[in-house]
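**Student:** Numbering follows numbering that gives the first Met the number 0, with no gaps: position 26 of the sequence shown is 25.
Even glycine gets a Cβ: it sits at the ideal position worked out from N, Cα and C.
If you scroll down you'll find the structure; I have some questions about it.
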Amino acid sequence: MGPGHPERPDRLRAIEAALGSEKFKRLEHLIAPFPPREALCRAHPESYLDALEQASPREGLAALDADTAMNPKTLEAAQYAAGGGVAAVDAVMSGGADTAFVAVRPPGHHAGVATPMGFCFLNNIAIAARHAQATRGAERVAIVDFDVHHGNGTQEIFWADKSVLFCSTHQAPFYPGTGGRNETGEFNTVVNAPLFSGASGDAFQEAFADRILPRVNDFAPDLILISAGFDGHRRDPLGGLLLDERDFSEVTKRLLDIADRRCHGRVVSFLEGGYDLEALAASAAAHVEALMGA
Ligand SMILES: [Zn+2]
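In structure tokens:
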């Protein structure tokens, strides 16, 4: 993204270091494969993929908006990131893994049907959801997004798709400006639970308990996907919420409980935001520990 940008390679280095500790020894680490174009086209039109290729610079940076830029390798990285989600869905749906955490960048939840924005180019979680439906027999997929920013791209992609439930907690009013309670989708399968700046872990847990978890449970999904942004952490330089790693761990456990009841425990989680390296590493570790059933 260019020098000084918060969405930087050190984010993944910090997570890798945290997941290298003794208690994560039984994790299997897989390298994200390059995805077939067909998989990307389930969430984005061909014309958009062509436009991204055309926008991709030979050298230097090409700015797509005020805070989203591409270098010559960005598109390839975005494709591998999407491929990581596809592979994780394959592993979990085939029984090869119980759960999976997709530690990739660039993130995806702001990427709309045909709009790159907010550090995102391809909507990794939407591509994975559609892949699960098209190739793995998942009829109903629930997506839960706890990034501090609203997952406007994911919401846009599934706005009129009743086979996918999209639920989000996020800070509001805040970037990108969407995610009001009144945004419920064409078929009432969009659930927004906005939180005010300064909201505590208790308010976050309450939003999950009252508004998100009952809807996920009632939806009876065949697979649960998580947009795990850790920028709601109190130390995060972009967000204004007061969460800590225990909050992420707690909601992850509750989602796993529902997955155990509804879909054989199948959960795939995707890294979205999180820009304080220490908080990001601790939060991702707590989240993965919960995903391991610990
Ligand atoms: Zn975010």
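According to DSSP, is Leu-26 helix, strand or coil?
**Tutor:** coil
**Student:** Tell whether a beta-carbon distance below 8 angstroms holds between Leu-121 and Ala-80.
**Tutor:** yes
**Student:** Starting from the Cα of Ala-294, find the closest Cα among Val-91, Leu-194 and Asn-216 and give me that residue.
**Tutor:** The structure shown has nothing for residue 294, since the chain only spans 0 to 293.
**Student:** Can you tell which of Phe-23, Gly-107, Arg-260 and Lys-72 has its C-alpha closest to the C-alpha of Ala-293?
**Tutor:** When the alpha-carbon of Ala-293 is set against those of Phe-23, Gly-107, Arg-260 and Lys-72, the nearest one is in Phe-23.
**Student:** Given a cut-off of 8 angstroms on the beta-carbon distance, is the pair Gly-117 and Asp-66 in contact?
**Tutor:** yes
**Student:** Could you tell me whether any non-hydrogen atom of ligand 1 is closer than 7 angstroms to the CB of Gly-244?
**Tutor:** According to the sequence displayed, residue 244 carries Glu and not Gly. False, no ligand heavy atom lies under 7 angstroms from that Cβ.
**Student:** Tell me, which residues are paired with Glu-191 by DSSP?
**Tutor:** Residue 191 is actually Asn in this sequence, not Glu. Answer is Ser-167, bridged to Asn-191.
**Student:** Curious, which full-length alpha helix (DSSP H) runs of at least 4 residues does the segment 109-185 contain?
**Tutor:** 123-134 and 151-157
**Student:** Following the continuous beta strand (DSSP E) through Ile-257, name the residue where it begins and the one where it ends.
**Tutor:** No beta strand (DSSP E) contains Ile-257, which is instead part of the alpha helix (DSSP H) from 244-261.
**Student:** Just to confirm my understanding: we take Leu-242, look at its own chain, exclude 5 residues before and 5 after, and list those with CB closer than 7 angstroms. What are they?
**Tutor:** Gly-200, Phe-203, Gly-231, His-232 and Arg-233
**Student:** Cβ of Gly-176 versus every heavy atom of ligand 1: is any distance shorter than 7 angstroms?
**Tutor:** no
**Student:** How would you write the range of the alpha helix (DSSP H) that Ser-199 sits in, first residue to last?
**Tutor:** Per DSSP, Ser-199 belongs to no alpha helix (DSSP H) and is neither H nor E.
**Student:** Is the segment 278-292 close to the segment 128-144, with three or more CB pairs under 8 angstroms?
**Tutor:** no
**Student:** Is the distance from the Cβ of Glu-235 to the Cβ of Tyr-274 below 8 angstroms?
**Tutor:** Here the sequence assigns Asp to residue 235, which means Glu is not the residue at that position. Cβ distance < 8 angstroms, so Asp-235 and Tyr-274 count as in contact.
**Student:** For the alpha helix (DSSP H) containing Phe-218, list its first residue and its last residue.
**Tutor:** 212-218
**Student:** How far does the beta strand (DSSP E) with Leu-241 in it reach, from first residue to last?
**Tutor:** Segment: none, Leu-241 is in no beta strand (DSSP E) and carries neither H nor E.
**Student:** Taking the Cβ atom as the reference point for each residue, do Gly-197 and Gly-239 lie within a distance shorter than 8 angstroms?
**Tutor:** With contacts defined by Cβ atoms closer than 8 angstroms, Gly-197 and Gly-239 form a contacting pair.
**Student:** Any heavy atom of ligand 1 closer than 7 angstroms to the Cβ of Gly-228?
**Tutor:** yes
**Student:** Would you check if the segment 68-79 and the segment 136-148 touch, i.e. whether three or more CB-CB distances between them fall below 8 angstroms?
**Tutor:** no
**Student:** Could you tell me the boundaries of the beta strand (DSSP E) in which Leu-279 lies?
**Tutor:** Where Leu-279 is concerned, there is no enclosing beta strand (DSSP E), although the alpha helix (DSSP H) it sits in stretches over 276-290.
**Student:** Determine the closest residue to Ile-156 out of Arg-261, Gly-184 and Glu-27, with distance taken between C-alpha atoms.
**Tutor:** Gly-184
**Student:** Between which residues of its own chain and Leu-237 is the CB-CB distance below 6 angstroms, once the five residues before and five after are set aside?
**Tutor:** Contacts found: Asp-230 and Tyr-274.
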